[in-house]
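Visitor: Could you have a look at this structure, given as structure tokens, before my questions?
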Amino acid sequence: TPPTQDAAGPASTADAGKPLNVGFFGFAKSNGFAQGTFLGVQQAAKANNASATFVDPNFNAQTQVQQIQDAVTSKQFEVIVIQANDNQALIAPLQQAVQAGITVVVEFSVIGPKFDTIQPQVPGAISIVDLPTSNGKMLGQMGKDACAKVSKDTCKVAYLEGFKSLPLDNARTEAVKAELATDPKIKLVASVEGGYTQDSGRQAFQNVSQANPDVDVVIGASQAITGAAAAAGNSNIKFIGNGASTSNVEAVRSGKWFSIYVSDVVANGAKATELGLAKARGQQVETAVDEASLAPNKAKGTKEALDAVNYVSKYSD
Amino acid sequence: MDTPERVNRSTAPEITVSGIGKRYGASTVLRDITLSVAPGEIHGIMGENGAGKSTLLKILGGAIAADFGVVKLDDREVKIAEPRDAIAQGISLISQELALVPGLSVLENVFLGRWANTGSLLRSRRDADHLERLLAETGFELDPRAMAGDLPIGQQQQVEILKALARGAKVLCMDEPTAVLNEAEKAKLLKVIRSLARLGTTVILVSHYLEEVLGLVDRVTILRDGQHITTEDASGHTPESLVGLMVGREVDFLIPEVRPVPPEAKTVVQVAGLSSSKVKDVSFTVRQGEILGIAGLVGSGRSETLLAMFGADRTTSGYVQINGRRLRANSIREAIKAGMALVPESRKEQGLVMCRPVDENIALSTLSGRSLGGFVRVAREKAAVSEISHSVDLRGARRGSLIADLSGGNQQKALFAKWLLNPPAVLLVDEPTRGVDIAAKARIHGMIADLAAKGTAVVVVSSELEEVIGLSHRIHVMRQGRIVAEFDRNASRDEVMASAFLK
Amino acid sequence: MTTVTAAVSEPAEKKFKLNVRDFGIVFGLIAIMLLLTLNTGTFLTGRNFINLFDQAAIVGLLAAAATLCIVSGVFDLSSTANLAVSAIAGVMITQHLGVIAGFVGALLVGAALGTVTGLIVVSTKVNSFIGTLAVSIIYRGLAIVITGGAIVAPLPEQLAAFQTWTWPSLFGLTAGSVLMVAMTIVLGIVLWRTTFGRRIYAVGGNKEAARLSGIRTGSIHVAVFAISGLCSAMAGMILASRAGSAQPAMAIGIELTAIAAVVIGGTSILGGHGAMWRAFVGVMILTVIGNGFNLLHWDTTYQQVVTGVLILLAVAADGLFFRKRTG
Amino acid sequence: MTTVTAAVSEPAEKKFKLNVRDFGIVFGLIAIMLLLTLNTGTFLTGRNFINLFDQAAIVGLLAAAATLCIVSGVFDLSSTANLAVSAIAGVMITQHLGVIAGFVGALLVGAALGTVTGLIVVSTKVNSFIGTLAVSIIYRGLAIVITGGAIVAPLPEQLAAFQTWTWPSLFGLTAGSVLMVAMTIVLGIVLWRTTFGRRIYAVGGNKEAARLSGIRTGSIHVAVFAISGLCSAMAGMILASRAGSAQPAMAIGIELTAIAAVVIGGTSILGGHGAMWRAFVGVMILTVIGNGFNLLHWDTTYQQVVTGVLILLAVAADGLFFRKRTG
Ligand SMILES: Nc1ncnc2c1ncn2[C@@H]1O[C@H](COP(=O)(O)OP(=O)(O)OP(=O)(O)O)[C@@H](O)[C@H]1O
Ligand SMILES: Nc1ncnc2c1ncn2[C@@H]1O[C@H](COP(=O)(O)OP(=O)(O)OP(=O)(O)O)[C@@H](O)[C@H]1O
Ligand SMILES: O[C@@H]1[C@@H](O)[C@H](O)OC[C@H]1O
Ligand SMILES: [Mg+2]
Ligand SMILES: [Mg+2]
């Protein structure tokens, strides 16, 4: 028989005076993006009478599952803020955590099968995420903007996907393609795996530009675009990066790249932590937040938008 | 599946091979072999190293496939593509290169692949009982639970023999089964073969021991350079006449006269109180030009004494001195630097790197001497290797040949060549002529005697008593890790045997 | 002859010694567990053991299969790619024919793909390491082709039944853990007490000797790969059951964790040696180390360094102090 | 003796035949390249070859080192963890002492860590597969400890000089590619013609026979791991040079790609066999397959399936039609 759902919900709510412990289950300690988020987590924790700990799964989803289970056992944290390395493997352990009275905040990457909703898919959790579908749509829009500046009849665009085997990446890719397809001027000449490292991006770009020497716009993960732009040297190609590390922001503001999709990781981490702590202390909070709404210019990081707020990134990759 | 313990021996078929041929790349190793073996016959196959004996047996046993020709059993043509086919026909092969699974026990190896079982659950007890009977019949002494890989090579050979017996084979093909056995074990095996033949089993036997063959077989086939020379009744032959047929010329194969050690010869080797896990307090000396023989049963610690002297086995006490200089314990490199060379007993495990070319193997232990600034001086190496190969009569090696592609006897010669490439001051040899043909054996004996005559101190371990007694100036007998007796070269076989067994 | 008799007559003590040596790695596991029991209040609790077994289920199933493969002298690096395809197939069948058909279907697909892997490796004579690596790329690709790169899930009304492997069962363990333990025991008996098991040792220990004894070495390897596929499918169904869905990137890289667990347990990577309980102990060592760290509240920055050192210590101790070396 | 003479005098034909067989895998590479040349206008261009070599640089360096390791009978799974630590150390030294010191320092750190890996594996007698896996976990942890998980970069004014490995040099190839080719040639000669190379083959082919020939098998292995560390550091500096920075997660998993390349080239995973050119061919096969796909404009959904099949075909063809089998 299936286990009976613990209907009671959070077993206890802490009073405001008690210091709380926040566990930040980031992608990996070796990941700048996660480190940036942790900065926000730490700031919010400090401001709200709590401590913050980075629990490192080193990009491994199964390790992360284990860490969540063990956190439930050891009752080390009242609040869990998680950047999931897998959108499905973590559902069950996080449910356990919720049932054990821990406040769960799903941060940045969606947990659950649906990539087009910001609503929490782990019952009882708070969801503050960046949707791959709206992310992809925005990347597509920026691609259209870039193409508008290309003075040719057709604008050739290449998209560097993440990994073909990741549904999350595929959902994003579909959204990018759909958005680009609305502009008859645009021809998508390549959509290939570009991965999440500079080296994989460099390699993908070399091959794409070999096959399409006249490509006008290249869109992809910020690390891949960094590798691609380095391989391109001085060219007229308009690069659009998905990510906003210091070097990404600098590349756009200096005019080397066309634009980036901005995630304000510090703001995201801080907001997620604030929501989590508030809920743990018995307050009513928002349970679904779109991170794009926290970023400058709704995440559309053009030079003008970034200059306008004099945007400074807090993480490097 | 239950194991039929003894098949009806009278069903052994007449075996006829006709037109059998085998090529490896450009070289033909068997050419148009035609012969037949009668049911219940003991048939000897003889020839020089590389003549193609093992190849022929492997074809019969299905280990390799012939390129030409057919095998018939009682006039019925059979296809033997795999060992499984041969086994199904009642043919069992005991190959020259032992084929045991090192991590399984003696018991498990003897019944390899055909363990007693009920619905595939093992019934080890039944196999154990069966093995006990086989041990009693053969007189072999083996611990059924010992790991095959831990056994000395002679005992491994016994396991191979038991394996073939356990299958109740009608035709038993044995490739040099006695090469690694000592006198006593050999005698037991020959007894077993005779009694099998009496019960109707056909035995096809390859061996380099002329007396042994003549005393055992009904008929003998001679191969030379992959060709069938003749098949004749054994009764009309003497060792000399067989050698003549094999080699096609006269050879002198008696152990050469060893020159007496001059009384003023210095002591080169001094072993003092040497102990290791298998060796207990062994002390002896060897003088310049002297050949010391060590006799004993398998497992008595002879090989281990050599290994301990050479720094290869960890010693717990005692030391070795060469020319008055005491060697650092457990350092093979220091032993080699001091001029010591060890020809180990197992060429496959200890001696040769099977997947490497012949030249590279021979040059391996003396690389430093033929290199400049770390680079191998290939031309120099080639010249030296070619010279030494010539003097040990190494055959069948083409350019780039792997050691694994040589015949067993030629591998042994390569092993010997490896340690003679730089003439050693102290030569330790363990079973030096295992598997080599009679002419080559004489050559190796001659070389050992020559080296001694030029001043090398030699220690010979051999399970062939004739070899030990014939070559040595003095003989030590070991039992359970200790030296228990000492003889001079006039000792009789029986005396030496007795002291190896006694108590 | 005296020597032989002597050897036989010093058995009792000898045998005992051998056993203690053989079980060296178990003491490593016990030592780590003792340490954790003394240093945390939470390690030695029923709840935690239920977690431990649940955490070990996936790697445990893969390691049990990997033991058969490794002992027989092959690697199956395609096991988790097979896992993904089987789980996806299982979910798709579930959508059309129901949960039970889905589970059964997944197992059939897993075993079939395993058989195909085995046939490819055996017939091309390619080294299994590289052969199964190539096959794993193909299977992952297949998973993408089947799903179009998307997630597949059973129908909403099937979900509760589909998640059966996460339910508590025997001793409160999750059904998935129980399946893992059961398979470990079954395959352990197969390896230890059946003719098939002996053939696996023989083929892995000396393939030529096995062949000369009439063992069909190819069939043994195909069978072993088929079992590996079956275990992959089981692991896949447990993972899908936990997640409520399946996708092409499932369990990437875990085949290496499974191999590591097998080797940490003391099974020789060279084949012909080893035992099923060793895989279990290896899996438990890896799981307990991870679990312990999380319970100890240590800084995870040092976790990796310490994990590496612990694995090294466990294996080295086994080699240096306990197990008999051959060679 | 007559035979010996005869043998030496039937060389020409024989030698040629042997070579054709030996070079089977090269034909696999040529076939793929021919296919791409005929089906794309872009494959056979200077620019693309410059790209190919650049893409092959990292795996090429690691595969050259892996060849030494594998031939000598060990694996070094810690190579890319070492790569990360060396690159990080190189960047940190650059910050304080300049670019040249940084590069030299990285190489020293890489070689030193490699030596440590070797000493650990040799002294604990742990199987190298599991030993270096544990070491790799430790080194990755070390990288996180040193950097606190952050990225490290040379000072802005050092950047141009630091990126020297991405500059075009000989034949327009990037300096990184040239370094890879040079190391492959140097290590190839070491393996082929030096006493050290001979000892590597001997130790990998039969460790006991090597030991009894007076070879210090431990020293050989330590030396091989040290060289592996050196190559890792070179690869690390090229990567850092491209990126303008270094970080703990660099090049994760690429050690397996390198091993795959070595084996695809035809070097036996069992040790004692193989050659350096084989690593290069293996690396090129993998690189060309990836490159070709993107040039062909095929639907990338099928890319993985086809990649796997091509690898399998290349290796199987080598085994079935060309190379002589040794049981
Ligand atoms: N795999 C192989 N490749 C190439 N040549 C081979 C191979 N196996 C055997 N040979 C060659 O075939 C010939 C016959 O070898 P075989 O082993 O049958 O000799 P043999 O008569 O048994 O010799 P010995 O008395 O030394 O055991 C030899 O010249 C040997 O080098
Ligand atoms: N037997 C051996 N086992 C392992 N390493 C060795 C061995 N002999 C030499 N070396 C190492 O190889 C390197 C070269 O040493 P050495 O000069 O003694 O040998 P060589 O290269 O064979 O000789 P040569 O200088 O005559 O070319 C040294 O680093 C040494 O430590
Ligand atoms: O840059 C981010 C990467 O670090 C994370 O792993 O996934 C999302 C990316 O945008
Ligand atoms: Mg022979
Ligand atoms: Mg002996």
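Protein chains in written order, with our numbering: chain A, 25 to 341; chain B, 8 to 510; chain C, 726 to 1052; chain D, 726 to 1052.
Beta carbons are placed, not taken as given, at the ideal position from N, Cα and C, and that holds for glycine.
From a predicted model like this one, the values you see are computed outputs, not experimental measurements.
Spell out the partners DSSP gives A/I106 in its beta bridges.
Guide: Here residue 106 of chain A refers to the residue found at position 82 when the first sequence is read from its first residue. DSSP lists A/F49, A/V130 as partners of A/I106.
Visitor: Within 7 angstroms: the Cβ of B/G488 and any heavy atom of ligand 1?
Guide: Locating residue 488 of chain B in the second sequence gives position 481, counting from the first residue. For ligand 1, not one heavy atom lies less than 7 angstroms from the Cβ of B/G488.
Visitor: Inspect the beta-carbon positions of C/A808 and C/A960 and report whether they are closer than 8 angstroms.
Guide: On the third sequence, position 83 is the one that residue 808 of chain C refers to. On the third sequence, position 235 is the one that residue 960 of chain C refers to. A small correction: the amino acid at residue 808 of chain C is Leu; Ala does not occupy that position in the sequence shown. Yes.
Visitor: Closest by CA to A/A116, which one among C/Y1027, C/G978, C/I979, C/G969?
Guide: Numbered from its first residue, the first sequence carries residue 116 of chain A at position 92. When only C-alpha atoms are compared, the closest one is C/G969.
Visitor: Hey, B/R340 and D/G939: beta-carbon distance below 8 angstroms or not?
Guide: In the second sequence, counting from the first residue as 1, residue 340 of chain B sits at position 333. In the fourth sequence, counting from the first residue as 1, residue 939 of chain D sits at position 214. Yes.
Visitor: For B/H483, name the three-state secondary structure that DSSP assigns.
Guide: Numbered from 1 along the second sequence, position 476 holds the residue referred to as residue 483 of chain B. It is a strand residue.
Visitor: Roughly how many angstroms lie between the CA atoms of B/V117 and B/A155, to the nearest whole one?
Guide: Along the second sequence, one-based indexing puts residue 117 of chain B at 110. Along the second sequence, one-based indexing puts residue 155 of chain B at 148. Distance between the alpha carbons of B/V117 and B/A155 is about 10 angstroms.
Visitor: With 8 angstroms as the threshold, decide whether the Cβ of C/A826 is near any Cβ in chain A.
Guide: On the third sequence, residue 826 of chain C is found 101 positions in, with the first residue counted as 1. Closer than 8 angstroms: no.
Visitor: May I ask whether a heavy atom of ligand 4 can be found less than 7 angstroms away from the beta carbon of B/G415?
Guide: As a first step, residue 415 of chain B is located in the second sequence; it is residue number 408 there, counting from the start. Yes.
Visitor: Quick one: which chain B residues come within Cβ less than 8 angstroms of D/H998?
Guide: The count along the fourth sequence starts at 1 and reaches residue 998 of chain D at position 273. Residues of chain B passing the Cβ test: C362.
Visitor: Looking at the C-beta of A/G56, does it have a partner C-beta in chain D at a distance below 8 angstroms?
Guide: The sequence position of residue 56 of chain A within the first sequence is 32, counting from 1. Chain D, which has a Cβ nearer than 8 angstroms to the Cβ of A/G56, makes this yes.
Visitor: Let's test the definition: count the other Cβ atoms within 10 Å of the Cβ of A/T87 and tell me whether it reaches 16, buried, or not, exposed.
Guide: Looking up residue 87 of chain A in the first sequence gives position 63. It counts as buried.
Visitor: Going along chain A in order, which residues have a C-beta closer than 9 angstroms to the C-beta of D/P685?
Guide: What is shown of chain D runs 726 to 1052, which leaves residue 685 of chain D out entirely.
Visitor: Would the stretch 828-835 of chain D count as touching the stretch 979-996 of chain D if we require 3 or more Cβ pairs under 8 angstroms?
Guide: Result no; under three Cβ-Cβ pairs closer than 8 angstroms.
Visitor: Just by C-beta distance, which residues in the stretch 131-142 of chain A are closer than 7 angstroms to chain C?
Guide: Within the stretch 131-142 of chain A, the qualifying residues are P137.
Visitor: By the three-class DSSP mapping on this structure, what secondary structure does A/S287 have?
Guide: Within the first sequence, numbered from 1, the residue matching residue 287 of chain A stands at position 263. In the structure shown, A/S287 sits in coil (DSSP, three-state: anything other than H, G, I, E or B).
Visitor: Is the beta carbon of B/N368 within less than 7 angstroms of some heavy atom of ligand 1?
Guide: Here residue 368 of chain B corresponds to residue number 361 of the second sequence, with the count starting at 1. Answer for B/N368: no, Cβ out of range of ligand 1.
Visitor: Can you list, in chain order, the residues of its chain whose CB lies under 8 angstroms from that of A/K53, leaving out five sequence neighbours each side?
Guide: Locating residue 53 of chain A in the first sequence gives position 29, where the first residue counts as 1. If we look at A/K53 and ignore the five residues flanking it on each side, its Cβ neighbours are Q59, F78, D80, N82.
Visitor: Measuring only the C-alpha atoms, how far is B/M8 from B/G126?
Guide: Position 1 of the second sequence, counted from the start, is the residue given in the question as residue 8 of chain B. Position 119 of the second sequence, counted from the start, is the residue given in the question as residue 126 of chain B. Below a pLDDT of 50, predicted positions are generally treated as unreliable, and B/M8, at 37, falls in that range; the measurement from the model is reported next regardless. Each residue's alpha carbon lies about 8 angstroms from the other.
Visitor: Measuring only from the beta carbon, is B/S372 closer than 7 angstroms to any heavy atom that is part of ligand 6?
Guide: This structure simply doesn't include ligand 6; it includes ligand 1, ligand 2, ligand 3, ligand 4 and ligand 5 instead.
Visitor: Please confirm if C/I862 has its CB atom under 8 angstroms from at least one CB of chain A.
Guide: Against the third sequence, residue 862 of chain C aligns to sequence position 137. With 8 angstroms as the cut-off, C/I862 does not count as an interface residue toward chain A.
Visitor: With a cut-off of 8 angstroms on the beta carbons, I'd call C/A1041 and D/T849 a contact; round off their distance for me.
Guide: If you number the third sequence from 1, residue 1041 of chain C lands on position 316. If you number the fourth sequence from 1, residue 849 of chain D lands on position 124. Confirmed, about 4 angstroms.
Visitor: May I ask you to list, following chain order, the residues of the stretch 1011-1027 of chain C that have a beta carbon less than 7 angstroms from some beta carbon of chain A?
Guide: From the stretch 1011-1027 of chain C, only G1015, N1016, N1019, L1020, H1022, T1025, T1026 have a Cβ closer than 7 angstroms to chain A.
Visitor: Going by beta-carbon coordinates alone, are A/A268 and A/R226 separated by less than 8 angstroms?
Guide: Taking the first sequence and counting its residues from 1, the one referred to as residue 268 of chain A is at position 244. Taking the first sequence and counting its residues from 1, the one referred to as residue 226 of chain A is at position 202. No, they are not a contact pair.
Visitor: On the DSSP bridge assignment, give the partners of B/E84 in chain order.
Guide: To locate residue 84 of chain B, count along the second sequence from 1; it is residue 77. Answer by DSSP bridge pairing, in chain order: B/K79.
Visitor: If we require 3 or more residues per run, which beta strand (DSSP E) segments fall completely within the stretch 314-374 of chain B?
Guide: Segments of the beta strand (DSSP E) lying fully in the stretch 314-374 of chain B: 322-329, 347-350.
Visitor: Can you give me the Cβ contacts of B/T41 inside the same chain, cut-off strictly under 7 angstroms, excluding the 5 residues immediately before and after it?
Guide: Along the second sequence, read from residue 1 onward, the residue named residue 41 of chain B stands at position 34. Cβ within range, chain order: V24, S25, G26, H235.
Visitor: Cβ atoms of C/M962 and C/F828: under 8 angstroms apart, would you say?
Guide: Against the third sequence, residue 828 of chain C aligns to sequence position 103. Against the third sequence, residue 962 of chain C aligns to sequence position 237. Yes.
Visitor: According to a CB-to-CB cut-off of less than 8 angstroms, which residues of the stretch 774-803 of chain D neighbour chain C?
Guide: Per Cβ criterion, the list is empty.
Visitor: Check the Cβ of C/S970 against every Cβ in chain A and list those closer than 8 angstroms, keeping chain order.
Guide: As a working note, residue 970 of chain C is residue 245 in the third sequence. What C/S970 touches in chain A: Q112, P137.
Visitor: What are the residues that DSSP puts in a beta bridge with C/E933?
Guide: Sequence index remark: in the third sequence, residue 933 of chain C carries index 208 (1-based). Paired residue(s): none; C/E933 is not in a bridge.
Visitor: Any heavy atom of ligand 1 within a distance shorter than 7 angstroms of the CB on B/V24?
Guide: Position 17 of the second sequence, counting from 1, holds the residue named residue 24 of chain B. No.
Visitor: Output yes if chain G places a C-beta closer than 8 angstroms to the C-beta of D/L937; else output no.
Guide: Among the protein chains of the structure shown, namely A, B, C and D, there is no chain G.
Visitor: Name, please, each residue of chain C whose Cβ falls closer than 9 angstroms to the Cβ of D/V877.
Guide: Residue 877 of chain D sits at position 152 when you count from the first residue of the fourth sequence. Correct list: empty, because the minimum Cβ distance to chain C is about 16 angstroms.
Visitor: Can you list, in chain order, the residues of its chain whose CB lies under 7 angstroms from that of D/G771, leaving out five sequence neighbours each side?
Guide: Translated into positions along the fourth sequence, residue 771 of chain D becomes position 46. Cβ within range, chain order: G897.
Visitor: Counting Cβ pairs, one atom from each stretch, are 3 or more of them under 8 angstroms apart for the stretch 992-999 of chain C and the stretch 930-950 of chain C?
Guide: Cβ pair count under 8 angstroms is three or more, so yes.
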